[in-house]
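Trainee: My numbering puts the first residue of the sequence shown at 59, with every later residue one more than the last. Once you've had a glance at the structure underneath, I'll fire off some questions.
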Amino acid sequence: MSSASETQPTGLSIAVTPPEERHEQAKPASQSWFIAKLNPVSRFICPLMMSLPLFFTLDVVSGSIQFGVVLVLLWIGGINPLTVIRRTWPVWWGAFFGFITIMMYGRTGGTIYCSWGAVTISDGSLYIAAATFLRVAAIAVPSVIFMLGLDPTDLADGLVQILHLSPRFVYGGLAGIRMFTLLQEDWRALGLSRRSRGLGDGNAVVRIFSQAFGLLVLSIRRATKLATAMEARGFGGDAERSQARVSELHTIDWVSYVVSIIIPLTAVGIAVATGNWHSPLHGA
Numbered sequence: 059m060s061s062a063s064e065t066q067p068t069g070l071s072i073a074v075t076p077p078e079e080r081h082e083q084a085k086p087a088s089q090s091w092f093i094a095k096l097n098p099v100s101r102f103i104c105p106l107m108m109s110l111p112l113f114f115t116l117d118v119v120s121g122s123i124q125f126g127v128v129l130v131l132l133w134i135g136g137i138n139p140l141t142v143i144r145r146t147w148p149v150w151w152g153a154f155f156g157f158i159t160i161m162m163y164g165r166t167g168g169t170i171y172c173s174w175g176a177v178t179i180s181d182g183s184l185y186i187a188a189a190t191f192l193r194v195a196a197i198a199v200p201s202v203i204f205m206l207g208l209d210p211t212d213l214a215d216g217l218v219q220i221l222h223l224s225p226r227f228v229y230g231g232l233a234g235i236r237m238f239t240l241l242q243e244d245w246r247a248l249g250l251s252r253r254s255r256g257l258g259d260g261n262a263v264v265r266i267f268s269q270a271f272g273l274l275v276l277s278i279r280r281a282t283k284l285a286t287a288m289e290a291r292g293f294g295g296d297a298e299r300s301q302a303r304v305s306e307l308h309t310i311d312w313v314s315y316v317v318s319i320i321i322p323l324t325a326v327g328i329a330v331a332t333g334n335w336h337s338p339l340h341g342a
């Protein structure tokens, strides 16, 4: 009779893939095949590069040219203009309200079409309003499209490895963003727990402030635990950290940088050449 300490073979085997052979499935990063291939850092930098030159001009030529070229390139990249407009609808609302405000209260010049109290609609205010509308569209639309589907973890890896930002700062911010999504669940749980104790039937204003204070305390406690966990994983040390995922730039990223520089400079250059360049300091 065998002793109780003896183990019998079970015939069970567990296959383990070596780390160097493990490959994660591609994430659906964007509807555009071109944007999906870009490094997350490039998807953050390209809209910024396209936006900067437009901050130094306020005219309808540069804004319309850049916006039109961006729409065509996005169409070639796999996103048709109707999809672009539908997915960036908050931008259009903001641009529309900006147009209305500047049209009524902007700088007066040329023919005056309507004047009532502080509201004056003229050629000058209409031009500045149209230029502002186009500039908002040219800046915000590509920014939103590039950011849609961007994975925060991949962006954090790129910021650390490519831009060499502090891992403690970047991954701390990433962890905070991940925890921020829990606030809605915490708010609901606090509300249910208060009602179960008979504390949710009083004044609505007092209830909201009291529950908000409880949520603040809960968030501080969770943040303290998160900071301790990150310290335990060496985020507070000076030693160089190894990376679980590799983030690097490829040829397509450098091509996107060149295109992001050429588009706004060409648009502004055409505005200057045609005499339509207008300084934003003399705008609305």
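Think of the CB as a built atom: it goes at the ideal place given N, C-alpha and C, for glycine as much as any other residue.
(1) Helix, strand or coil, according to DSSP, for residue 180 in the structure here?
(2) What do you get for residue 172, buried or exposed, if any count of 16 or more other CB atoms within 10 angstroms of its CB means buried?
(3) Please classify residue 121 as buried or exposed, where buried requires at least 16 other C-beta atoms within 10 Å of its C-beta.
(4) Take the Cβ of residue 153 as the centre, count every other Cβ of all protein chains shown within 10 Å, and call the residue buried at 16 or more, exposed below.
(5) Assuming residue 119 contacts residue 334 (C-beta within less than 8 Å), just tell me the rounded distance between them.
(6) Give me the DSSP bridge partner(s) of residue 173.
(7) May I ask which residues mark the beginning and end of the alpha helix (DSSP H) holding residue 218?
(8) Tell me whether the region 169-187 and the region 227-244 touch, counting them as touching only if at least three CB pairs, one residue from each stretch, are closer than 8 Å.
(9) Which of helix, strand or coil does DSSP assign to residue 117?
(10) With DSSP as the reference, label residue 245 as helix, strand or coil.
(11) Going by beta-carbon coordinates alone, are residue 230 and residue 162 separated by less than 8 Å?
Mentor: Straight from the coordinates:
(1) Note: residue 180 maps to strand in three-state DSSP.
(2) Exposed, because fewer than 16 other Cβ atoms sit within 10 Å of the Cβ of residue 172.
(3) That one is buried.
(4) Buried, since its Cβ has 16 or more Cβ neighbours within 10 Å.
(5) About 4 Å separates the beta carbon of residue 119 from that of residue 334, a gap short enough to meet the 8 Å contact definition.
(6) Beta-bridge pairing links residue 173 to 178.
(7) Taken as a continuous stretch (DSSP letters only), the alpha helix (DSSP H) holding residue 218 covers 210-219.
(8) Output reads no: the region 227-244 does not touch the region 169-187.
(9) DSSP, reduced to helix, strand and coil, places residue 117 outside both helices and strands of the structure shown, so it counts as coil.
(10) Reduced to three states, the DSSP call for residue 245 is helix.
(11) No. Outside cutoff.
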